[in-house]
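Chemist: Next up is a structure, given as structure tokens.
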Amino acid sequence: MSGDHSHNEDQIDCGSRVNDSHKHKDKYKHKEHKKDKEREKYKHGNSDYKDFSNKKHKDKEKMKHKDGSTDKFKDKHKEKRKDEKIKSLDGKVKKEKENGFASPHVKSEPEDDLYHSPKFEKSLKRERDDDYDSEFKPKKIKTENDKKAKKRKQENEDIKSKKTKSKKGEVADGKKKAKQEPEEKWKWWEEERYTDGVKWKFLEHKGPVFAPPYEPLPSHVKFYYDGKAMKLSPEAEEVATFFAKMLDHEYTTKDIFRKNFFKDWRKEMTSEEKTKITDLKKCNFTEMSEYFKAQSEARKAMTKEEKQKIKEQNERTLQEYGFCIMDNHKERIANFRIEPPGLFRGRGDHPKMGMLKRRIRPEDIIINCSKDSKYPEPPPGRKWKEVRHDNKVTWLVSWTENIQGSIKYIMLNPSSRIKGEKDWQKYETARRLKKCVDRIRAQYREDWKSKEMRIRQRAVALYFIDKLALRAGNEKEEGETADTVGCCSLRVEHIKLYPESEGQEYVVEFDFLGKDSIRYYNRVPVEKRVFKNLQLFMENKEPDDDLFDRLNTSILNKHLQELMDGLTAKVFRTYNASITLQQQLKELTTADENIPAKILSYNRANRAVAILCNHQRAPPKTFEKSMQNLQTKIDAKKDQLSEAKRELKSAKADAKVHRDEKSRKAVESKRKAVQRIEEQLMKLEVQATDREENKQIALGTSKLNYLDPRISVAWCKKWGIPVEKIYNKTQREKFAWAIDMADEDYEF
DNA sequence: TTAAGAACTTAGCATATGCATC
DNA sequence: GATGCATATGCTAAGTTCTTAA
């Protein structure tokens, strides 16, 4: 791949999540990694992007802060310090020369794109994509007259009665039945869509499944404090079991985890327990821990029949609670079980790790359903917090969790209409970006020269988001979550500038923790103007100051919205991921390869995207072993091949002597055997390459969230690859719309 | 206009499942 | 039929963006 989308795969491999409190963020050292030639291919870029050549302008670096913005958007606690800095900076830059350019706010869409003025758009906000998306066909606004409404109601009734009827006979052979009569798949993508924010007209469901109640430990399983057995109250015991279950995990050795746990645990203790248990170090949970391990072993050792019984019970629960009726259709619910209580396990250095995640009761639950539906029943003697009928949202059930105070939801499965439509729309927005990305790139390049600091910052940030597929980077409340950043929240300490490094000019080294505390490490050459701007942004700042002190995600997204309707920072990630896949597939697939080789090419294209998006995973624990196993298989296959070749040779010799039909046939069959073994060997070798390359890269995230599935479907169709080789069952369900609609000519 | 809250998407890890091999 | 392994699925945290309230 050519272009400017350079991305250093070094970040993979040294990129384990930094979640050890003792590993301070700026202490991590990166190893230098061998540059695998294969991976070298994955330097990302769009060919249409490479002409960002640097005009050798003399940069007029230090611009006056003409905007005089209030900076209210940055953390208050930093504001004062920052203001002081800005003042001093302003004083300094005023002496410098101005270039006199004001960056124009051009908003022009390609002519083939329908375009409305922002004002007009606002009034039509909910319908915007209907009006814009070339292939995301709007169909007429769905307005139901009474007749239609009645019909719909009748249909809903029909579905309900069908459901109860089938349920009677289903209990015993539920699964079989589902397999025997695959219901006709509903092609929602061929139907009209709602507008004006209405998400559904009819919604009926059975509510959530609660976590099973706490079962006290048998009396022989003891907790010891300071060496003495101690019987805990059920409340305190339950929380103690949460800790005991995690005893083998590294978490329980961390100070913050232990401190938070102990604090919350004490809240559950009786006053007597509280007086007695004052030191976590004196607590001995090992018996509890052993008990749970034994239980888990016992579960594994259950007979087939017992396992079958549990499976059937789960299936019944799924059938009862796992589906809802939304409009005229039975739809699968994604997460119908309420999260059970336990200890909060944040990712990375989370200040709240170890806190008690409390049990959710019916009284915490808000139910959302149709007025004219049969409401879910709370457990006997209990009440819901509220039953509401809001059809402008997609959730069925919600509650507020106690760790961050955020709301959790029960929503539909990705295969549902409501999720599928949104997903489709997401890719259509990304395709619209494709049409105007050149214009947007030209604009932000122009903005690098702006005399307004805020515009320069915005333009450089956008360049990073586009070039490196960085996330937007919202501000986070300090002390509430792990210290992670995205583009707009980058701090000075997260980048290093090298005017020259390893034979390249203007290199920026990024080193920060992103979402989920996954490390982002990358060294990229940037354009001189970007480099100079970064120097300017970093001037007179402390390491923990914001790099882009005049920018936040809301400012950035507001600007993007002006450039293209529906454009946000996230769209760049989707766009760049999808376009990269499409380009890589074109580049890597060759007609004469067999199917396994083509699939390797697909995976490599997918991998290129995963590297671009920094989707990492911890190397599987069994990785080395499984590679070894595979190598053993390969060696065995090689032996088998040479044996087969020997046999072929002798058969040929035999045939030369005898010159009869029998020996000719023998040669033929030996030849076929050699061929077959060669194919098998190749398949294994391909598998080994694929696995090795995938050691620390997670392909799933990009496949599921960033790659327009129609690109993959088209590729499958073009090369005669069964789509099952690319998407598993769940993925095929999620992407049913794409599988149905994309033909081999589809272009992202 | 801005901050807070709500809604929804994206994320990696843990566990369950099911298939291949002995 | 048991075992071991790879893959699929479930779970829920952590993001982004949209919406509402002050």
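Using full-length UniProt numbering, the first residue of the first sequence is number 1, and each one after it goes up by one. Ideal placement from N, C-alpha and C gives every residue a C-beta, glycine not left out. Keep in mind it's a predicted model, so treat the numbers as computed, not measured.
So what does residue 398 bridge to, in DSSP terms?
Modeler: In DSSP, residue 398 forms a bridge with 366, 409.
Chemist: When DSSP labels each residue in this structure, what does residue 440 get in the three-state scheme?
Modeler: DSSP, reduced to helix, strand and coil, places residue 440 within a helical segment of the structure shown.
Chemist: Taking the C-alpha atoms as reference points, what is the distance between residue 585 and residue 671?
Modeler: Between the alpha carbons of residue 585 and residue 671 lies a gap of roughly 34 Å.
Chemist: Among 458, 368, 252, which residue has its Cα nearest to the Cα of residue 207?
Modeler: 368
Chemist: Specify, as a first and last residue, the run of the beta strand (DSSP E) that residue 229 falls within.
Modeler: 228–230
Chemist: For the alpha helix (DSSP H) that residue 602 lies in, which residues bound it at each end?
Modeler: 595–612
Chemist: According to DSSP, is residue 487 part of a helix, a strand, or is it coil?
Modeler: The answer is coil: DSSP assigns residue 487 none of H, G, I, E or B.
Chemist: Quick check on the burial criterion: 16 or more other C-beta atoms within 10 angstroms. Buried or exposed for residue 406?
Modeler: exposed
Chemist: What is the DSSP secondary structure of residue 320, counted as helix, strand or coil?
Modeler: It is helical.
Chemist: Around the Cβ of residue 322, are there at least 16 other Cβ atoms within 10 angstroms (buried) or fewer (exposed)?
Modeler: buried
Chemist: In angstroms, rounded to a whole number, what distance separates the CA positions of residue 436 and residue 372?
Modeler: 46 Å
Chemist: List the endpoints of the continuous beta strand (DSSP E) containing residue 524.
Modeler: 519–525
Chemist: Can you determine whether any heavy atom of the ligand COA sits closer than 7 Å to the C-beta of residue 477, and answer yes or no?
Modeler: As for the ligand COA, it is missing from this structure, which has no ligand bound.
Chemist: Of all the options 304, 416, 593, 365, which has the alpha carbon lying nearest to the alpha carbon of residue 409?
Modeler: 365
Chemist: Quick one: give me the first and last residue of the alpha helix (DSSP H) that residue 291 is part of.
Modeler: 286–300
Chemist: Assuming residue 548 contacts residue 461 (C-beta within less than 8 Å), just tell me the rounded distance between them.
Modeler: 5 Å
Chemist: In the DSSP assignment, find the beta strand (DSSP E) that holds residue 224 and state where it starts and stops.
Modeler: 223–225
Chemist: CA-CA distance, residue 573 and residue 463?
Modeler: 12 Å
Chemist: Looking at the strands, I want to know which residues DSSP matches up with residue 243.
Modeler: Looking at the DSSP assignment, residue 243 forms no beta bridge with any residue, so it has no partner.
Chemist: Could you tell me whether the region 268–286 touches the region 320–336, using the rule of 3 or more Cβ pairs below 8 Å?
Modeler: no
Chemist: On the three-state DSSP scale, how would you describe residue 269?
Modeler: If DSSP states are grouped into helix, strand and coil, residue 269 belongs with coil.
Chemist: Work out the CA separation of residue 448 and residue 530 for me, nearest whole Å.
Modeler: 7 Å
Chemist: Measure the C-alpha to C-alpha separation of residue 395 and residue 605 and round it to an integer number of angstroms.
Modeler: 35 Å
Chemist: Between which two residues does the alpha helix (DSSP H) containing residue 570 stretch?
Modeler: 569–588
Chemist: According to DSSP, residue 680 sits in a beta bridge with which residue or residues?
Modeler: Note: residue 680 sits in no beta bridge, so no partner.
Chemist: Can you find the residues in the same chain that come closer than 6 Å, C-beta to C-beta, to residue 236, ignoring five residues on each side of it along the sequence?
Modeler: Closer than 6 Å at Cβ, skipping near neighbours: 268, 269, 273.
Chemist: Compute the beta-carbon to beta-carbon distance between residue 474 and residue 553, rounded to the nearest angstrom, for a pair I have assumed lies under 8 Å.
Modeler: 5 Å
Chemist: Keeping to the same chain, check which residues put their C-beta closer than 7 Å to that of residue 488; ignore five residues upstream and five downstream.
Modeler: 461, 472, 473, 548, 551, 552, 553, 556
Chemist: If I follow the unbroken beta strand (DSSP E) through residue 382, where does it start and stop?
Modeler: Careful: residue 382 lies outside any beta strand (DSSP E) and carries neither H nor E.
Chemist: Here's the rule: buried if 16 or more other CB atoms are within 10 angstroms of the residue's CB, otherwise exposed. What is residue 729?
Modeler: exposed
Chemist: List the endpoints of the continuous alpha helix (DSSP H) containing residue 218.
Modeler: No alpha helix (DSSP H) holds residue 218; DSSP gives it neither H nor E.
Chemist: Can you tell me which of 492, 741, 484, 524 puts its alpha carbon nearest to the alpha carbon of residue 503?
Modeler: 524
Chemist: Compute the distance between the beta-carbons of residue 381 and residue 357, then report whether it is under 8 Å.
Modeler: No, these two residues do not count as a Cβ contact at 8 Å.
Chemist: Under the rule that 16 or more other beta-carbon atoms within 10 Å means buried, what is residue 219, buried or exposed?
Modeler: exposed
Chemist: Is residue 94 buried or exposed, if buried means 16 or more other CB atoms sit within 10 Å of its CB?
Modeler: A caution first: residue 94 carries a pLDDT of 28, below 50, which makes its placement in the model too unreliable to give a value.
Chemist: With a threshold of 7 Å on Cβ separation, who are the neighbours of residue 645 within its own chain once the five nearest residues in sequence on each side are excluded?
Modeler: Cβ within range, chain order: 674.
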